[in-house]
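All remarks here apply to the structure that follows.
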Amino acid sequence: MSFYLVAASTIHLVGDSLFEDTVRTGITNVTELADALSERIERESADDFYQRLLSAAQMNGGRLLVVDMDGKVQFDTFDEQCGTRLGLSEVYTLLRGEKGSDYGFHLMDGGGREQAPSILDPITRRDISRIWVGSFTAALFSGEARIGALVMIVPVQDTVDSLTFVQDRMTGIFALALAAVLIFAYMISRIVTRPIAELSAGIQRMSEGDYQHRVHVPGRGEMAQLAAAFNQMSEQVHNLDEARNQFVSNASHELKTPLATIKILVESMIYQDDMPSELRQEFLGDINREIDRLSSVVGDLLTLVHIDSHKLRLRREMMVLADTVRESVKRLTPLAKKRGQEIVAKIDAECEMFADPGKLAQVCYNIIENAIKYTPDGGTIAVTLTRGGRDAVLEISDTGVGIPQEDLPHVFDRFYRVDKARSRDTGGTGLGLSIVQQIIRLHAGSVTVQSEPGKGTTFIVQLPVK
Ligand SMILES: Nc1ncnc2c1ncn2[C@@H]1O[C@H](COP(=O)(O)OP(=O)(O)OP(=O)(O)O)[C@@H](O)[C@H]1O
Ligand SMILES: [Mg+2]
7 MSFYLVAAST IHLVGDSLFE DTVRTGITNV TELADALSER IERESADDFY QRLLSAAQMN
67 GGRLLVVDMD GKVQFDTFDE QCGTRLGLSE VYTLLRGEKG SDYGFHLMDG GGREQAPSIL
127 DPITRRDISR IWVGSFTAAL FSGEARIGAL VMIVPVQDTV DSLTFVQDRM TGIFALALAA
187 VLIFAYMISR IVTRPIAELS AGIQRMSEGD YQHRVHVPGR GEMAQLAAAF NQMSEQVHNL
247 DEARNQFVSN ASHELKTPLA TIKILVESMI YQDDMPSELR QEFLGDINRE IDRLSSVVGD
307 LLTLVHIDSH KLRLRREMMV LADTVRESVK RLTPLAKKRG QEIVAKIDAE CEMFADPGKL
367 AQVCYNIIEN AIKYTPDGGT IAVTLTRGGR DAVLEISDTG VGIPQEDLPH VFDRFYRVDK
427 ARSRDTGGTG LGLSIVQQII RLHAGSVTVQ SEPGKGTTFI VQLPVK
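Note that the sequence shown covers residues 7 to 472 in my numbering.
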């Protein structure tokens, strides 16, 4: 809109300035001529006056008419309109005495639209059917009284032609500029909106579950940063999604195995009517063990879910870590005995601390239980508790199978078992150590492992004593 307004007013201004000269010359000429004629109009004969008019018309290169106070043509240098009334509004403003001089521009189209006299080019006498003329009018006086008007009609086609030319040129230039502005604006808006469109498409795909889609916004501006943040977020969501799927599939797998065993045992009991009672008793014992395993797996899973959803809260109280260690050793000694193993406990510090005794008992139990599980019959398990600076240091070493170097970084991963087959035999799920690690992290401590395959393994737990 504003572009159109600027263009229109500029073209208008150019037109005004082009016609300004024509109007000024026309008005000056006609006024001077009218003044000169006014002096003679009463004194000269009609013929002389007409001759004077003719020569003046020739000099000015136009047509001259004299109208009386009724607007009736008295003299016409083209000798056509005498006795008729001129249909030019500027003549009447003059006769009514509103102005001393006036002008107008008219398109002559061979006696069509305008009521004005048809115009012949006064110089070439060439008949031009469509032509723009200017009519300049000044009042004629006799003494003080208005007695009529002098009308001078001159062709202004040249001026109109040059105006049309300028207008056409300027319209073209403005149209080009407008097109350029529009293209530029379109490109700018594309540059601004494209990243937004790309981002919202990415968000849309993410909401539909496509976490692998990444958005590409080049550069280093805010939009590029936003896109990078979005990509990072979808990467995390993708990882979380995969971890969740992995967790669910592992968990289901761990639950399926004992359930399948129970099913086989129960089915053989159902279909074997004559089963000896000792065998039936043995089967029931196996079922019982599998149920224990199931409930321990479910318990571990629940603990992990609690830790993940940050719902696991420590119930801290003043406690003595040495007591917790002694208690775990005591509880596991029968299990070790069964395998001819010995647990040697060496408690050098009592380590009073503000911590969750239940959770730390779980830590001790899990690590010592592992040591028993992964040590051949007759082995030794050493449990020592010392103070190291501000930390309580708990070391549990065994003379067991050990852990290969490449497996060491993974033993704290969920469901990770070094020797899948053997672990299954010993009833392992691969969750124990990951729970141990999480509990120790919650206590702001650390757990590390050192191992030499075939010789043994040492777990070192460090817990801050406050
Ligand atoms: N003291 C150890 N000696 C050798 N290998 C060990 C020892 N402790 C752990 N591991 C290895 O690390 C793996 C992970 O241990 P983790 O306690 O997490 O699982 P698990 O004992 O198999 O099952 P559970 O969930 O019942 O504890 C074990 O499967 C075992 O292969
Ligand atoms: Mg374990």
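Built from N, CA and C at the ideal position, the CB exists for glycine as well.
| Collapsed DSSP secondary structure at K105 in the structure displayed | One-based indexing of the sequence shown puts residue 105 at position 99. The answer is coil: DSSP assigns K105 none of H, G, I, E or B.
| task | Kindly indicate the opening and closing residues of the beta strand (DSSP E) around S44. | result | Here residue 44 refers to the residue found at position 38 of the sequence shown. No beta strand (DSSP E) contains S44, which is instead part of the alpha helix (DSSP H) from 8-46.
| query | Any chance the segment 166-186 sits against the segment 210-227, with 3 or more Cβ pairs inside 8 Å? | reply | no
| request: May I ask you to check if the CB of Y380 is nearer than 7 Å to at least one heavy atom of ligand 1? | output: For the purposes of this step, residue 380 is identified with residue 374 of the sequence shown, where counting begins at 1. For ligand 1, at least one heavy atom lies less than 7 Å from the Cβ of Y380.
| request: Could you tell me whether any non-hydrogen atom of ligand 2 is closer than 7 Å to the CB of L414? | output: Translated into the one-based positions of the sequence shown, residue 414 becomes position 408. Result no, Cβ not under 7 Å from ligand 2.
| said: Could you compute how far the alpha carbon of V97 sits from the alpha carbon of A40? | reply: Residue mapping note: residue 97 aligns to position 91 of the sequence shown, counting from 1. Residue mapping note: residue 40 aligns to position 34 of the sequence shown, counting from 1. Roughly 13 Å separates the two Cα atoms.
| Reduced DSSP secondary structure (H/G/I, E/B, other) of K269 | Against the sequence shown, residue 269 aligns to sequence position 263. K269 sits in a helix when the DSSP states are folded into three classes.
| query | Taking A151 as the reference, which of D74, G346, L366 has the closest Cα? | reply | Locating residue 151 in the sequence shown gives position 145, counting from the first residue. Looking at the Cα atoms, D74 is the closest of the given residues.
| query | So the alpha helix (DSSP H) V303 belongs to, where does it begin and stop? | reply | On the sequence shown, residue 303 is found 297 positions in, with the first residue counted as 1. Segment 283-314, the alpha helix (DSSP H) holding V303.
| field | Buried/exposed call for T405, threshold 16 Cβ in 10 Å | value | Here residue 405 corresponds to residue number 399 of the sequence shown, with the count starting at 1. Classified as buried, T405 has 16 or more neighbouring CB atoms from the shown chains inside 10 Å of its CB.
| field | CB contact flag (L327, M359, <8 Å) | value | Walking along the sequence shown from the start, residue 327 turns up at place 321. Walking along the sequence shown from the start, residue 359 turns up at place 353. Against a cut-off of 8 Å, the Cβ pair of M359 and L327 comes out as a contact.
| How about the segment 63-70 and the segment 154-166: do they share at least three Cβ pairs that are nearer than 8 Å? | yes
| field | G394 versus S403, A388, A355, residue with shortest Cα-Cα distance | value | As a position in the sequence shown, residue 394 is number 388, starting the count at 1. For the residues S403, A388, A355, the minimum Cα distance to G394 belongs to A355.
| said: Please classify V72 as buried or exposed, where buried requires at least 16 neighbouring CB atoms within 10 angstroms. | reply: Residue 72 sits at position 66 when you count from the first residue of the sequence shown. Its Cβ being crowded by 16 or more others within 10 Å, V72 is buried.
| Environment of ligand 2 in chain order, Cβ to heavy atom below 5 Å | N376, G438
| request: Counting only the same chain and skipping the five closest in sequence on each side, list residues whose C-beta sits under 6 Å from that of P459. | output: By one-based count along the sequence shown, residue 459 stands at place 453. If we look at P459 and ignore the five residues flanking it on each side, its Cβ neighbours are G408, P410.
| Per DSSP, the bridge partner or partners of V72 | Within the sequence shown, the letter at position 66 stands for residue 72. BP columns for V72 point to F81, L156.
| message | With a threshold of 6 Å on Cβ separation, who are the neighbours of P415 within its own chain once the five nearest residues in sequence on each side are excluded? | response | The sequence position of residue 415 within the sequence shown is 409, counting from 1. Result list for P415: empty, nothing under 6 Å.
| said: So the candidates are D167, Q57, E26; which of them puts its Cα closest to the Cα of G110? | reply: Within the sequence shown, the letter at position 104 stands for residue 110. Answer by Cα proximity: E26.
| said: Pop quiz: T435 and V303 are said to be a contact at Cβ under 8 Å. What is the actual Cβ separation, rounded to whole angstroms? | reply: The residue you call residue 435 lines up with position 429 of the sequence shown. The residue you call residue 303 lines up with position 297 of the sequence shown. Between V303 and T435 the Cβ distance is about 5 Å, and since that is below 8 Å, they are a contact.
| request: Figure out for me which residue from I153, D167, T143 has the closest Cα to the Cα of I137. | output: Taking the sequence shown and counting its residues from 1, one reaches residue 137 at position 131. Of I153, D167, T143, the smallest CA-CA separation from I137 is found for D167.
| field | Bridge partners - R91, DSSP secondary structure assignment | value | In the sequence shown, counting from the first residue as 1, residue 91 sits at position 85. Beta-bridge partners assigned by DSSP to R91: K78.
| field | Inter-residue CB distance, T165 and T28 (contact presumed, cutoff 8 Å) | value | The residue labelled residue 165 in the question sits at position 159 within the sequence shown. The residue labelled residue 28 in the question sits at position 22 within the sequence shown. Correct: roughly 5 Å between the Cβ atoms.
| said: With a threshold of 7 Å (Cβ to nearest heavy atom), would R220 be considered close to ligand 1? | reply: Here residue 220 corresponds to residue number 214 of the sequence shown, with the count starting at 1. No, the Cβ of R220 stays beyond 7 Å of every heavy atom of ligand 1.
| request: Can you grab the Cα-Cα spacing for the pair D280 / N256, in whole Å? | output: Position 274 of the sequence shown, counted from the start, is the residue given in the question as residue 280. Position 250 of the sequence shown, counted from the start, is the residue given in the question as residue 256. Distance between the alpha carbons of D280 and N256: 38 Å.
| request: Hey, could you find the ends of the beta strand (DSSP E) R58 is sitting in? | output: If you number the sequence shown from 1, residue 58 lands on position 52. Counting along the chain, R58 falls outside any beta strand (DSSP E), though it belongs to the alpha helix (DSSP H) covering 52-66.
| request: Give a yes or no on whether the C-beta atoms belonging to M114 and V139 are separated by under 8 Å. | output: In the sequence shown, the residue the question calls residue 114 occupies position 108. In the sequence shown, the residue the question calls residue 139 occupies position 133. Less than 8 Å separates the beta-carbon of M114 from that of V139.
| query | What's the gap between the Cα of G291 and the Cα of I297? | reply | By one-based count along the sequence shown, residue 291 stands at place 285. By one-based count along the sequence shown, residue 297 stands at place 291. Roughly 10 Å separates the two Cα atoms.
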